[in-house]
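For the sequence shown, UniProt numbering gives the first residue as 1, with consecutive numbering after it.
What follows is a short report on a single structure.
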Amino acid sequence: MGDEVEPAPEGPATWRERIRGIGREVKPGGKAWVPALAILGAIVVVAAIGVPTILRIQDQARSVELLSTQLANTESDLSIAKAEAKNLGDSLAAARNSAAQKDADIAAREADLKAREDAVSQREAAVSATEQKIAENSFSGGVYVVGTDVAAGTYRTGQIDSGLCYYAWKAGTDSDSRILDNNVVQEGAATATLREGQVFESSGCGTWTKLG
1 MGDEVEPAPE GPATWRERIR GIGREVKPGG KAWVPALAIL GAIVVVAAIG
51 VPTILRIQDQ ARSVELLSTQ LANTESDLSI AKAEAKNLGD SLAAARNSAA
101 QKDADIAARE ADLKAREDAV SQREAAVSAT EQKIAENSFS GGVYVVGTDV
151 AAGTYRTGQI DSGLCYYAWK AGTDSDSRIL DNNVVQEGAA TATLREGQVF
201 ESSGCGTWTK LG
């Protein structure tokens, strides 16, 4: 074996440092605990301040997320409401257009009906005028005063179908008034000229119609 080196003897200074180190490790009241306690206190303070702050930030983040979700839902509801309002507006416009078209159709039908009514009224007036003219220019059997009951002029009957057409001019309207002239037609048509003031009587001749 080689030569062994013996450790150098420890001096007084080395022992004093070892004793001081042991004192720092085992004495709670020693100065070595001060830095450790300070660090631990700082950690506690930071934890006391930081944890609530972190929790508050997390709560705020959740609140922001909730508000964002609510805002998105509100925007969605608003979009749906706008779409429904547009559809309602379109439906209302279509209904108004339909109502306007119906009003126009009704007005057109009313105008057409008015035109037809006017045409009917005109035809009725024309018929009435014709009937009035015929009434004024025609008469049937009976006793008439020319110029009062019938207009003066030349009159003719239709075809005699009774087999006996009698007509006469009389001096008056009484049944026993004197006959001034008379005639009998058994077939064909009878013609008579009436003058103002004459009394004319006919029987079985049908309708007398004025010529011209």
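A virtual CB, placed ideally from N, CA and C, is assigned to each residue, including glycine.
Notebook entry, point to check: Are the beta-carbon atoms belonging to G141 and C205 less than 8 angstroms from one another?
Noted result: Result yes, Cβ atoms of G141 and C205 sit closer than 8 angstroms.
Checklist line | Close beta carbons around R178, own chain, < 8 angstroms, minus the five adjacent residues each side | finding: Around R178: K170, A171 and G172.
Next item on the list: Let me know if L88 comes out buried or exposed under the rule of 16 or more other beta-carbons within 10 Å of its beta-carbon.
Entry: exposed
Checklist line | Inter-residue spacing [alpha-carbon to alpha-carbon] between Q198 and V145 | finding: 6 angstroms
Note to self: Can you give me the C-alpha to C-alpha distance between A99 and S91, rounded to a whole angstrom?
What the structure shows: 12 angstroms
Note to self: Between the alpha carbons of A119 and S79, how many angstroms are there, rounded?
What the structure shows: Rounded to the nearest angstrom, the two C-alpha atoms are 59 angstroms apart.
Margin query: Here's a check: name, in chain order, each residue in its chain whose Cβ is nearer than 6 angstroms to the Cβ of E25, leaving out the five neighbours to either side.
Written below: Note that E25 scores a pLDDT of 48, beneath 50, so its modelled location is shaky and nothing firm can be said.
Item checked: Whole-Å CB distance - C165 paired with V184, under 8 angstroms assumed -> For C165 against V184, the beta-carbon gap comes to about 7 angstroms, under 8 angstroms, which counts as contact.
Margin query: Suppose you measure from the CA of S121 to the CA of R109; what does that come to, to the nearest Å?
Written below: 18 angstroms
Check: Residue range of the beta strand (DSSP E) that N183 falls in?
Finding: I179 to V185
Check: With burial defined as no fewer than 16 other Cβ atoms inside 10 Å of the residue's Cβ, what is the status of T157: buried or exposed?
Finding: Using a 10 angstroms sphere on the CB of T157, the tally of other CB atoms reaches 16 or more, which defines it as buried.
Checklist line | Cβ-Cβ distance between I160 and A190 below 8 angstroms | finding: A Cβ-Cβ contact shorter than 8 angstroms links I160 with A190.
Checklist line | Simplified DSSP state of E84, which is helix, strand or coil | finding: In the three-state reduction of the DSSP assignment, E84 falls in the helix class, which pools H, G and I.
Note to self: Looking at the secondary structure, which residues open and close the beta strand (DSSP E) in which L194 lies?
What the structure shows: T191 to L194
Check: Does the beta-carbon distance from S138 to K210 come in below 8 angstroms?
Finding: yes
Next item on the list: For T157, write down the residues that DSSP places opposite it in a beta bridge.
Entry: Beta-bridge pairing links T157 to W208.
Check: With distances taken between CB atoms, is the gap from E201 to Y167 smaller than 8 angstroms?
Finding: yes
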